[in-house]
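Report on the structure given below.
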Amino acid sequence: MDSLTAIAERNELHLPAFGLDRFQEEILKRLHLEFFFAKCRVLISPHLRYSATGETNREEEDRLKSILDEKQELIEQLKRYLVYNLSLYSGLLEANSYNIALNNYLLISRFVDFGAHPGVYEVKLYTLSQEDLIAHYSDKIYLGRDFISDTRLDRDHFGIAFIRDSLAQQFSKLRDRVERLGSDAERDLLGRELLPDLEESLQDFAAEVGALMGSCPAHVSADGRDKEELREVNTRFREMKHTLAEAETSLREVEQKLIAESSDVARYVTKFRQDITNDVDYIMVKVNGRISDAVNGIRL
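Using the numbering used here, read the sequence shown as starting at 2 and increasing by one per residue.
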């Protein structure tokens, strides 16, 4: 409840005017929000009804009911705020449009406090058919994660620091899960073929992010910006994309071996690989693509 309570304390979420295409409109209509209670998660439907995935207590439920009664306009703002962020700063909606459309545009957005950045939430996205929403909730399909702040819309350096810190956290969790859940053979395979190379790639990526943030402006724009500066920023992001692409290749190779062996650890490798794939797509489309269009003078 901490994330929802913090958001509810705001009077409003400021958004510029922006239009939605039909796909985004359908998602907004069916958007479900998910937050953590002490012992379970709570799912808030588009009509602001809620259901819990496990045991709750009276205090939690009373607080949630109060928020849903008193902050309806703010919650509707939050949904639009989320769709705006996903459209501007991620490629998740387009990359997963087939699965989302297949499930009648139902999108589940789980808000988790992103400890490395106060006031920022890591939003994990899932989709599932309406028919399976309650009875088979654990079968939901993981799509990826994004990051939103409840105080500002813009992101320094296209939010690359969020990606760096999230990947570091996910790598630590993956290593712990391999140690706890993997068989001797799996720990040997991952310890020999994946984790050292993956850690090195992520360290290289972190160094590239640090260099970018130390030498390039936090915000770039085609308006009044020197084209050579735009080219330099674009080159830095392209190199970071290449580093992540190498990590994604290593993950995919080991993932295929684990799946073939019906490994319990495979799903964690798959999820991490999917996160890195999404990050590569984001840099390619939303960063390199936009900057390249500006440098080339391309306008719709």
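For each residue, glycine too, the CB sits at the ideal point set by N, CA and C.
Measuring straight from C-alpha to C-alpha, what distance separates residue i and residue j?
i    : j    : result
R31  : N58  : 27 Å
T128 : I45  : 14 Å
L126 : S91  : 12 Å
G215 : V270 : 32 Å
E249 : S264 : 19 Å
S110 : H33  : 6 Å
F148 : S184 : 34 Å
C217 : E256 : 36 Å
N297 : G290 : 10 Å
T152 : L190 : 44 Å
K228 : D294 : 11 Å
D155 : Y85  : 11 Å
L93  : L29  : 15 Å
D133 : S52  : 14 Å
G21  : L83  : This sequence places Leu at residue 21; Gly is not what is there. Their backbone Cα atoms lie some 13 Å apart in a straight line.
P47  : F24  : 16 Å
E13  : T6   : 14 Å
R11  : I76  : 11 Å
E71  : D63  : 12 Å
E60  : N100 : 37 Å
D114 : E262 : 35 Å
K66  : S98  : 33 Å
K258 : E201 : 21 Å
Go through its chain and collect everything with a Cβ distance to residue i's Cβ below 8 Å, but skip five positions before and after it.
i    : result
T54  : C41, R42, V43, L44 and Y138
V221 : E230, L231, V234 and I292
Y143 : K125, L126, Y127, K272 and Q275
V179 : E187, R188, L191, G192, L196, V266 and Y269
A246 : V281
M241 : I161, F206, E209, V210, L213 and I284
H15  : L154
Just checking my contact of residue i with residue j at CB under 8 Å: how many whole Å lie between their CB atoms?
i    : j    : result
V121 : S150 : 5 Å
S4   : F38  : The Cβ separation is near 11 Å, so there is no contact.
L107 : Q131 : 6 Å
A162 : N279 : Contact flag wrong, Cβ pair sits at about 16 Å.
I8   : L79  : 6 Å
A219 : D157 : 4 Å
F238 : V286 : Not quite, the Cβ-Cβ distance comes to about 11 Å (not below 8 Å), so this is no contact.
CB-CB under 7 Å to residue i, same chain, minus the five flanking residues each way: which ones, in chain order?
i    : result
Q171 : F273 and D276
E74  : none
L203 : L168, A169, F172 and A248
I260 : A267
L49  : L69, Q73 and I76
Buried or exposed: where does residue i fall if 16 or more other Cβ atoms within 10 Å of its Cβ makes it buried?
i    : result
F19  : exposed
T244 : buried
I164 : buried
I135 : exposed
E26  : exposed
Starting from the C-beta of residue i, find all residues in its chain whose C-beta is less than 6 Å away, skip the five residues before and the five after it, and write them out in chain order.
i    : result
D166 : A117
D198 : S251
Self-check item: Cβ contact check for the region 209–219 and the region 169–182: 3 or more pairs under 8 Å
Solution: no
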